[in-house]
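There are 2 protein chains.
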Amino acid sequence: MSDEPNESELRPGEVAVGLPAVTDAGVYFIGTIHTPWRTRSECPKRGSADGPVCSIVVDPRWREALTDITQHTRIQVLYWMHRARRDLVLQTPFRTGLTTGSFALRSPVRPNPIASSVVELVGVDGTTLQVRGLDCLDGTPLIDLKPERTSH
Amino acid sequence: MSDEPNESELRPGEVAVGLPAVTDAGVYFIGTIHTPWRTRSECPKRGSADGPVCSIVVDPRWREALTDITQHTRIQVLYWMHRARRDLVLQTPFRTGLTTGSFALRSPVRPNPIASSVVELVGVDGTTLQVRGLDCLDGTPLIDLKPERTSH
Numbered sequence: 298m299s300d301e302p303n304e305s306e307l308r309p310g311e312v313a314v315g316l317p318a319v320t321d322a323g324v325y326f327i328g329t330i331h332t333p334w335r336t337r338s339e340c341p342k343r344g345s346a347d348g349p350v351c352s353i354v355v356d357p358r359w360r361e362a363l364t365d366i367t368q369h370t371r372i373q374v375l376y377w378m379h380r381a382r383r384d385l386v387l388q389t390p391f392r393t394g395l396t397t398g399s400f401a402l403r404s405p406v407r408p409n410p411i412a413s414s415v416v417e418l419v420g421v422d423g424t425t426l427q428v429r430g431l432d433c434l435d436g437t438p439l440i441d442l443k444p445e446r447t448s449h
Numbered sequence: 298m299s300d301e302p303n304e305s306e307l308r309p310g311e312v313a314v315g316l317p318a319v320t321d322a323g324v325y326f327i328g329t330i331h332t333p334w335r336t337r338s339e340c341p342k343r344g345s346a347d348g349p350v351c352s353i354v355v356d357p358r359w360r361e362a363l364t365d366i367t368q369h370t371r372i373q374v375l376y377w378m379h380r381a382r383r384d385l386v387l388q389t390p391f392r393t394g395l396t397t398g399s400f401a402l403r404s405p406v407r408p409n410p411i412a413s414s415v416v417e418l419v420g421v422d423g424t425t426l427q428v429r430g431l432d433c434l435d436g437t438p439l440i441d442l443k444p445e446r447t448s449h
């Protein structure tokens with residue numbers, strides 16, 4: 298698994314910057330997300346509560362941190378989009394063809410490729426959660442689970 | 298700025314685990330959040346749209362990534378809770394006194410101390426955003442900005 302930028306070329310209007318020489322903090326991958334989607338093009342643009350049940354397998358080290366998770370039906374999942382390049386400040390999404398800033402998009406391509414999705418918790422078996430609402434690649438590293446907080 | 302666990306003692310029922318020897322990916326701090334709150338006890342439990350205007354200062358490297366940000370009024374902010382310990386799997390929040398799993402809480406204490414807040418964008422001046430709805434410490438490192446997506 299690598300954080301290196303991938304080899305894809307820039308689209309018209311896209312701008313890359315030099316990345317800082319060092320990172321400032323470290324993330325632990327705390328589990329793995331399993332979905333039916335093996336390539337970016339297969340992934341739905343946005344997860345749906347009508348979508349397939351996917352699995353989130355939490356590493357045994359964190360087992361006790363799942364205590365009482367079933368008291369919540371909507372869970373915020375943070376995950377690491379490990380295949381995304383991190384150096385684009387302007388992007389031209391294929392779907393729109395419009396160039397805009399990375400912080401004005403929810404694209405995987407951003408300085409810190411952290412995604413946030415809200416899922417419905419369908420079931421828990423040991424350290425495996427069954428959820429609906431994801432749209433990420435099979436094998437995506439998990440970095441956090443939190444009860445959803447209704448946005449204000 | 299340190300990622301080390303702080304010196305606070307465990308409360309009744311709390312359980313710490315050994316952290317992995319290495320992290321799996323690196324995060325860049327891409328800016329700094331300025332709020333009126335200098336200590337954890339001063340921070341509101343939850344940011345409010347009626348709360349004070351706070352500033353998010355983005356590092357100049359990422360300036361172009363803010364292009365078109367003003368087309369969005371509600372922004373999801375990810376930040377790094379740099380003072381939180383990372384090794385607790387069971388926690389006993391002071392407010393409730395009830396012991397529960399870290400993933401069933403939105404506490405700062407979690408394997409990856411990443412917070413997610415949705416804020417109202419009040420204004421932008423260069424690389425500084427004025428927003429309402431934060432509840433974090435002054436000086437908190439910024440790690441991402443995204444347009445809010447209504448949760449499904």
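So the protein sequences, as listed, match chains A and B. First residue of the first sequence? That's 298 in our numbering, and the numbers climb one at a time after it. First residue of the second sequence? That's 298 in our numbering, and the numbers climb one at a time after it. Positions of the beta carbon are idealized from the N, C-alpha and C atoms, including for glycine. Remember, predicted model here, so these are calculated numbers, not experimental data.
Are residue i and residue j touching if we call contact CB-CB under 8 Å?
i, j, result
"Cys351/A", "Leu442/A", "no"
"Ile330/B", "Thr397/B", "no"
"Ala322/B", "Trp377/A", "yes"
"Pro390/A", "Leu402/A", "yes"
"Thr424/A", "Leu363/A", "yes"
"Arg383/B", "Pro410/B", "yes"
"Ala346/A", "Arg446/A", "no"
"Ser414/A", "Gly344/A", "yes"
"Leu395/A", "Val312/A", "no"
Given that residue i touches chain A, what residues does it touch there, using C-beta distances under 9 Å?
i, result
"Gln368/B", "Thr397 and Ala401"
"Pro444/B", "Phe400, Ala401, Leu402 and Arg403"
Cβ closer than 8 Å: which chain A residues qualify as neighbours of residue i?
i, result
"Val450/B", "Within the shown structure, residues of chain B are numbered from 298 to 449, placing residue 450/B beyond reach of any answer."
"Trp334/B", "Neighbours of Trp334/B on chain A: none; closest Cβ ~17 Å, over 8 Å."
Taking DSSP as the reference, what is the three-state secondary structure of residue i?
i, result
"Pro349/B", "coil"
"Trp359/B", "helix"
"Ser404/B", "coil"
"Thr367/A", "helix"
For residue i, which residues of its own chain have a beta-carbon under 7 Å away from its beta-carbon, when the five flanking residues on both sides are left out?
i, result
"Ile327/B", "Val355, Asp356, Trp359, Leu439 and Ile440"
"Glu417/A", "Ala346, Thr370, Arg371, Val428, Arg429 and Gly430"
Applying a beta-carbon distance threshold of less than 8 Å, which residues of chain B neighbour residue i?
i, result
"Phe326/A", "Asp321 and Ala322"
Tell me where the beta strand (DSSP E) around residue i begins and ends.
i, result
"Arg337/B", "No beta strand (DSSP E) contains Arg337/B, which DSSP labels as neither H nor E."
"Gly423/A", "Element bounds for Gly423/A: n/a, residue is neither H nor E."
"Ile330/A", "Gly328 to His331"
"Pro444/A", "Thr437 to Pro444"
"Val386/A", "Leu385 to Gln388"
Run through chain A and tell me which residues come within less than 7 Å of residue i, C-beta to C-beta.
i, result
"Asp365/B", "Thr397, Gly398 and Ala401"
"Pro357/B", "The contacting residues do not exist; Pro357/B stays about 10 Å from chain A at best."
What residues in its chain sit with their C-beta under 8 Å from that of residue i, if we drop five residues either side in the sequence?
i, result
"Ser299/B", "For Ser299/B, the predicted structure reports a pLDDT of 41, less than 50, and the residue's modelled location is therefore unreliable. The matter cannot be settled from this model."
"Asp435/B", "Ile330, His331, Thr332, Pro333, Trp334 and Arg335"
List, in order along the chain, the chain B residues whose C-beta lies closer than 7 Å to that of residue i?
i, result
"Leu387/A", "Glu361 and Thr364"
"Lys342/A", "In chain order: nothing, as chain B lies at least about 11 Å away."
For a contact defined as C-beta to C-beta under 9 Å, what are the partners of residue i on chain B?
i, result
"Ile330/A", "Going along chain B, no residue has its Cβ under 9 Å from Ile330/A, so there is no contact; the nearest lies around 14 Å."
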